[in-house]
Amino acid sequence: GAFFTPTGFGTELAKNADGSPKETRRIDGRDYVLEYPIHGDVALIKAERGDRFGNLTYRKAARNFGPVMATAAKFTVASVHELAELGTLDPESIVTPGIFVSRIVRVPRVATQAGGFKAAA
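The working numbering numbers the first residue of the sequence shown as 44 and each following residue consecutively.
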């Protein structure tokens with residue numbers, strides 16, 4: 044969907060790429076310009092767990108932008124540490140539903156010499 048914003052009204056930003064004016068409206072005495080959302084072609088996101096339908100759960104900071112980017116892109120590839128069997132993910136913990144995920148790649152964790160974990164190369 045689109046939204047009306049006063050930002051850019053009366054400037055070059057209120058024109059389309061071809062130079063034609065964007066749709067405007069006056070709402071409660073204030074002028075607004077219609078803006079459409081930006082869509083990325085591809086989103087590469089990292090999740091903790093996922094299933095083959097594309098349902099995803101996240102861990103820590105990965106939850107900040109992963110879900111939003113999955114919904115904004117035309118094609119989403121999710122890297123998961125664990126590929127779960129269908130029906131085993133808790134529905135309450137699924138943050139990104141599979142309808143927004145195009146492909147899933149399993150990238151297991153590997154132990155490091157320091158005793159922590161690191162993504163496999």
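Positions of the beta carbon are idealized from the N, C-alpha and C atoms, including for glycine.
What you are looking at is a predicted structure, and each value in this text was computed from that prediction instead of being measured.
Scanning Ala127, Val148, Met112, Ser122 for the CA closest to the CA of Asp84 turns up Met112. Contiguous beta strand (DSSP E) elements confined to the stretch 73-125 occur at 73-78, 83-94, taking only those with 3 or more residues. Contact check for Gly97 and Ile137: beta-carbon distance about 10 Å, past the 8 Å limit, so the pair fails to qualify. The beta-carbon separation of Val123 and Leu87, rounded to 12 Å, does not stay under the 8 Å limit for a contact.
The shortest C-alpha to C-alpha distance from Glu78 to any of Arg69, Arg149, Gly51 is the one to Gly51. Only exposed fits Asp71, as fewer than 16 other CB atoms lie within 10 angstroms of its CB. For Ile70, the uninterrupted beta strand (DSSP E) segment begins and ends at 67-70. Going by beta carbons, Arg149 and Leu132 fall outside the 7 Å limit. Taken atom to atom, the span from the alpha-carbon of Thr139 to that of Pro110 is near 6 Å.
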